[in-house]
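Protein chains in written order, with this note's numbering: chain G, 36 to 250; chain D, 36 to 250; chain L, 36 to 250. Idealized CB from N, CA, C, for every residue including glycine. None of these values were measured; they are calculated from a predicted model. Each remark here refers to the structure printed beneath this line.
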Amino acid sequence: MTPDTLTAVSALLPWIEIAATVAFAVSGVMEGARKRLDAIGVGAVACLAAFGGGTLRDLLIDQRPFFWARHPEYVWLVLALVVAAMLFLRLRHLPVTERAMRVPDALGLGLFAATGVSQALATGLSPLLAVLIGVITGVFGGVLRDIACNEIPYTFRDHRPYALLAFVGGWAYVAMDALGAHPALALLLTAGLIAGSRLLAVWLDWRLPAWRVDG
Amino acid sequence: MTPDTLTAVSALLPWIEIAATVAFAVSGVMEGARKRLDAIGVGAVACLAAFGGGTLRDLLIDQRPFFWARHPEYVWLVLALVVAAMLFLRLRHLPVTERAMRVPDALGLGLFAATGVSQALATGLSPLLAVLIGVITGVFGGVLRDIACNEIPYTFRDHRPYALLAFVGGWAYVAMDALGAHPALALLLTAGLIAGSRLLAVWLDWRLPAWRVDG
Amino acid sequence: MTPDTLTAVSALLPWIEIAATVAFAVSGVMEGARKRLDAIGVGAVACLAAFGGGTLRDLLIDQRPFFWARHPEYVWLVLALVVAAMLFLRLRHLPVTERAMRVPDALGLGLFAATGVSQALATGLSPLLAVLIGVITGVFGGVLRDIACNEIPYTFRDHRPYALLAFVGGWAYVAMDALGAHPALALLLTAGLIAGSRLLAVWLDWRLPAWRVDG
């Protein structure tokens, strides 16, 4: 790969994080609206979904300042998004469906999980812990969103692979890292792999083996 | 303003924090009692309500020791309050109503939000982040209280301004700080502004614009 | 006590922590299975139950690296346990009952509370705070487990002593520590005292005085 390609890939990374943040914020807006929260509640759930995973990642790998303090523009973006969504949802009467929530979720999952593995590895954690922190980074925003809305987290009861794909994709990052791949490229490929496999899983209706308790 | 007045205002500050802690602990006791938790559950919910916001603030602005470790007397106070409430609630058959919960909530909101903004600004965070950390400090104890009681947080679905007033009041602190006001005075005015506007909002039944999803 | 006995007691300590971690992970597996979560959800709830209390302890006493980073083998153990439980629960059709959950809970409570008090005291916290951090260490894994499963935490509404026994036992550790007992022995005795009294409380159906609100 030429240096030019690497530069181009590196330039993509901030956009990846912005897209992931927006994707999760949108999932929070939709879940909050579906639960008929008030405007503040919707904004709070959007912030939990957008910043929860990255904040927990920063806590668990003891990374300071938190990523929203490194990038205060993300906070403005999410607040603007909530206001825009309020206007948009009013004007267009968007039906709020679980189906619509899956696409932003898949994008955010892949993008956050990839950055989580990458940053955890960089602090010297073992591959297993780094991969799990990637999963937590990708999943925990949604988990907080659902807990705040008084639901069992969707990803715990979906019976479709979600966290599992982040887990598998995380090992792909570890492998690329061990093989000496450029971090930006490994991030992009991992994020694409996770998001793509998640969308495929939803489309083809893949199922986790059932957890049979009584029979 | 004379130095004497400033000294008097500064002397008020520890009492502000104690009053805020008690106010939130009481809201936790009442919510726990309303849910028919056992004595330990009521105590735990009271502690979550009283210490949750300040602990999250200290985590987010990376401030150590935590405020309950700086002020262990608050912990004794809350434990004593829980025991006293058990005796008091038994003797007087206090009806536990949502109405009664609003007054301590308003006081705690204003007092905690003001200290949150002030401490976050002092760590060098941007005004927007400082104001949001003020809101989180004021609101998160109640959010944890409600989540532990398996409710969607009251402040997310109240359709009355609550976090919003802490947000607006937080900007008042930022403005006073920028204008060079004495910190103790700015704290007191901000807390009073938020608590007062909250009580007014409840009394006059102000409503947030509805979040219309379907129409 | 002879040095040989002390060595033997010290050698027990890593096994105590492993047993406590397994005990809480099992309680998470059972609660997740009872709620019909998918395999990932069950694994996540098991991890919350097993690592939630210790992680919050490490956060609150500002101890790094986190204990799961000091002991990555625990994470492998819990993941192996979840896989084993899936196979085992399928083969044997184990009825998942609240009764079965109480034994691992009692063990984990005693073992984690004792280590929590010990480590909090070592950081110089006051006895009351150390005891409360012991209670949080013992109880919070289960609290997170129940919140993730959309239940009011069992320990808040059980009306049987649970956190209370960890609280009382924590003071026993403080007393032994003040009397100059060997830390390993104090840990073991405290853990045994808490776990034993909890099992006794369940067996003899001890009740907390009721929280009477209206009468």
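The beta carbon of D:A74 sits closer than 8 Å to some beta carbon of chain L.
Against chain D, a Cβ distance below 9 Å from L:A165 picks out nothing, because the smallest value is about 10 Å.
Annotated three-state conformation of G:T172 is helix, per DSSP. Chain-order list of chain D residues neighbouring L:L47: empty, with the shortest C-beta distance near 29 Å, by a criterion of under 9 Å. Contact between G:V237 and G:A198 does not hold, since their C-beta atoms are separated by about 14 Å, which reaches or exceeds 8 Å.
For D:G227, the enclosing alpha helix (DSSP H) has its first and last residue at P218 to L239. Residue burial is scored here from C-beta neighbours: D:G151 has at least 16 other C-beta atoms within 10 angstroms and is therefore classed as buried. In terms of CA proximity to L:V64, L:D140 leads the group L:I53, L:D140 and L:P49. Nearest to G:V77 by C-alpha distance, out of G:A68, G:A84 and G:A85, is G:A68. The alpha-carbon separation between L:I229 and L:V138 amounts to approximately 12 Å.
Within its own chain, the residues whose Cβ lies closer than 7 Å to the Cβ of G:R242, once the five positions on either side in sequence are excluded, are H194 and R195, listed in chain order.
Looking at the backbone, the Cα of L:L116 and that of L:A54 are separated by about 12 Å. In this structure, L:V166 sits near L:G205, with a CB-CB distance shorter than 8 Å. Taking a beta-carbon distance threshold of 8 Å, D:E108 does not count as an interface residue toward chain G. In the same chain as D:L235, and ignoring 5 residues on each side of it, the C-beta atoms closer than 8 Å to its own belong to W241, in chain order. Look at the segment 91-102 of chain D: the residues with a C-beta under 9 Å from a C-beta of chain L are L94, R99, P100 and F101. Note on G:R180: 16 or more other CB atoms within 10 angstroms of its CB, so buried under the neighbour-count rule. Within the model, the alpha-carbon separation for L:L224 versus D:E108 is close to 29 Å. Distance from the CA atom of D:S62 to the CA atom of D:W103, rounded to whole angstroms, is 18 Å. For a cut-off of 8 Å, the C-beta gap from G:G176 to G:A85 is around 6 Å, short enough to register as a contact. Between G:I182 and L:I182, the gap from beta carbon to beta carbon is short of 8 Å.
Interface with chain G (8 Å Cβ-Cβ cutoff): L:A85 is excluded. For the 8 Å CB-CB criterion, D:L144 and D:A219 do not form a contact. Below the 7 Å Cβ cutoff, chain L contributes no neighbours of G:S153, its closest Cβ being approximately 17 Å away. D:T158: not part of any alpha helix (DSSP H); DSSP gives it neither H nor E.
The three-state reading of DSSP puts G:C184 in coil, since its state is none of H, G, I, E or B. In this structure, G:I96 sits near G:A155, with a CB-CB distance shorter than 8 Å. Between D:A81 and chain L, the shortest Cβ-Cβ separation is not below 8 Å.
A residue is called buried once 16 or more other Cβ atoms fall within 10 Å of its Cβ, and D:T42, having fewer, is exposed. Taking CB atoms only, L:D39 has no neighbour in chain D less than 8 Å away.
Excluding the 5 residues flanking it on each side, L:A120 has same chain C-beta neighbours closer than 7 Å at V64, in chain order. For the segment 138-152 of chain D, the set of residues with a beta-carbon nearer than 8 Å to any beta-carbon of chain G is empty. Apart from sequence neighbours up to five positions away, the residues of its chain that approach G:S153 with a beta-carbon distance below 7 Å are Y208, P218 and L222, ordered along the chain. Among the residues of chain G, those whose CB is under 9 Å from the CB of D:A198 are I75, G76, G78 and A79, following chain order.
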